[in-house]
Amino acid sequence: EFPTGIMLEQHAIAIPHCEAIHAKSSAIYLLRPTNKVHFQQADDDNDVEVSLVIALIVENPQQQLKLLRCLFGKLQQPDIVETLITLPETQLKEYFTKYVLDSDE
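In C-alpha coordinates, the structure reads:
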(Lines of atoms letter the chains of each structure in order from A and count residues from 1; the text may use other names and numbers.)
(Lines give C-alpha, C1' and ligand atoms only; values in the text may rest on other atoms or scores of the structure.)
Protein backbone atom coordinates (compact mmCIF):
# COMPACT_ATOMS: atom_id res chain seq x y z
CA GLU A 1 0.00 0.00 0.00
CA PHE A 2 2.82 2.41 0.83
CA PRO A 3 5.91 2.95 -1.36
CA THR A 4 9.09 1.47 0.08
CA GLY A 5 11.84 2.36 -2.41
CA ILE A 6 14.79 4.28 -0.98
CA MET A 7 17.54 5.94 -3.01
CA LEU A 8 20.78 5.75 -1.09
CA GLU A 9 24.18 7.20 -1.92
CA GLN A 10 25.15 4.52 -4.46
CA HIS A 11 22.23 2.08 -4.72
CA ALA A 12 18.47 1.96 -4.41
CA ILE A 13 16.89 -0.51 -2.03
CA ALA A 14 13.36 -1.36 -0.94
CA ILE A 15 12.10 -2.41 2.47
CA PRO A 16 8.57 -3.74 1.96
CA HIS A 17 6.78 -4.77 5.12
CA CYS A 18 3.28 -5.78 6.13
CA GLU A 19 1.27 -4.55 9.06
CA ALA A 20 2.12 -6.59 12.14
CA ILE A 21 -1.48 -7.72 12.52
CA HIS A 22 -1.10 -9.78 9.33
CA ALA A 23 2.10 -11.54 10.41
CA LYS A 24 1.85 -15.17 11.53
CA SER A 25 5.57 -15.41 12.30
CA SER A 26 8.50 -13.03 12.02
CA ALA A 27 10.97 -13.28 9.14
CA ILE A 28 13.43 -11.20 7.14
CA TYR A 29 14.12 -11.98 3.50
CA LEU A 30 17.08 -10.53 1.61
CA LEU A 31 16.41 -10.56 -2.12
CA ARG A 32 18.97 -9.64 -4.75
CA PRO A 33 17.18 -9.78 -8.10
CA THR A 34 19.17 -10.59 -11.23
CA ASN A 35 17.64 -7.54 -12.90
CA LYS A 36 16.81 -4.40 -10.96
CA VAL A 37 13.17 -4.08 -9.89
CA HIS A 38 11.13 -0.87 -10.01
CA PHE A 39 9.75 0.41 -6.70
CA GLN A 40 8.06 3.70 -5.98
CA GLN A 41 10.16 5.91 -3.72
CA ALA A 42 8.94 6.33 -0.18
CA ASP A 43 9.36 10.12 -0.19
CA ASP A 44 7.95 11.10 -3.62
CA ASP A 45 6.18 9.74 -6.71
CA ASN A 46 9.37 8.76 -8.54
CA ASP A 47 10.43 5.19 -9.20
CA VAL A 48 13.82 3.76 -8.33
CA GLU A 49 15.54 0.68 -9.73
CA VAL A 50 16.26 -1.51 -6.74
CA SER A 51 19.14 -3.96 -6.48
CA LEU A 52 18.39 -5.09 -2.90
CA VAL A 53 15.03 -5.88 -1.31
CA ILE A 54 14.80 -6.42 2.44
CA ALA A 55 11.32 -7.84 3.03
CA LEU A 56 10.14 -7.73 6.63
CA ILE A 57 7.47 -9.73 8.41
CA VAL A 58 7.31 -8.69 12.06
CA GLU A 59 4.62 -9.70 14.57
CA ASN A 60 5.15 -6.87 17.08
CA PRO A 61 4.49 -3.28 15.86
CA GLN A 62 7.02 -1.79 18.32
CA GLN A 63 9.66 -4.27 17.20
CA GLN A 64 8.90 -3.42 13.58
CA LEU A 65 9.56 0.29 14.19
CA LYS A 66 12.77 -0.53 16.05
CA LEU A 67 13.92 -2.79 13.21
CA LEU A 68 13.11 -0.17 10.55
CA ARG A 69 15.09 2.48 12.46
CA CYS A 70 18.02 0.07 12.76
CA LEU A 71 17.91 -0.73 9.04
CA PHE A 72 17.66 2.92 7.98
CA GLY A 73 20.68 3.75 10.12
CA LYS A 74 22.85 0.87 8.91
CA LEU A 75 21.88 1.29 5.26
CA GLN A 76 23.22 4.85 5.28
CA GLN A 77 26.68 3.26 5.24
CA PRO A 78 27.57 2.62 1.57
CA ASP A 79 30.04 -0.16 2.42
CA ILE A 80 27.34 -2.18 4.19
CA VAL A 81 24.92 -1.84 1.27
CA GLU A 82 27.62 -2.72 -1.25
CA THR A 83 28.54 -5.81 0.76
CA LEU A 84 24.90 -6.91 1.05
CA ILE A 85 24.56 -6.67 -2.73
CA THR A 86 27.82 -8.39 -3.68
CA LEU A 87 28.58 -10.89 -0.91
CA PRO A 88 28.25 -14.58 -1.85
CA GLU A 89 24.88 -15.98 -0.84
CA THR A 90 26.46 -18.47 1.56
CA GLN A 91 27.84 -15.59 3.67
CA LEU A 92 24.88 -13.21 3.45
CA LYS A 93 22.86 -14.34 6.49
CA GLU A 94 25.86 -14.26 8.81
CA TYR A 95 26.96 -10.82 7.58
CA PHE A 96 23.46 -9.34 7.80
CA THR A 97 22.97 -10.68 11.32
CA LYS A 98 26.38 -9.57 12.58
CA TYR A 99 26.79 -6.16 10.92
CA VAL A 100 23.21 -4.98 10.52
CA LEU A 101 21.00 -6.61 13.15
CA ASP A 102 23.40 -7.23 16.04
CA SER A 103 25.80 -4.32 15.59
CA ASP A 104 25.59 -1.49 18.11
CA GLU A 105 27.73 0.91 16.09
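For the sequence shown, the working numbering assigns the number 203 to the last residue and increments by one with no breaks.
Glycine residues also receive a C-beta, built at the ideal position from the N, C-alpha and C atoms.
query                                                                                          : result
Cα-Cα separation between L129 and T188, rounded to whole angstroms                             : 13 Å
Cβ distance (whole Å) where Q174 is taken to contact H115 below 8 Å                            : Actually they are not in contact, since the Cβ atoms of Q174 and H115 sit about 18 Å apart, beyond 8 Å.
Integer-rounded CB distance, given that L185 should sit under 8 Å from Y193                    : 6 Å
Rounded C-alpha distance that separates S149 from P101                                         : 16 Å
Per-residue burial, H109 [other beta carbons within 10 Å of its own, 16 or more giving buried] : buried
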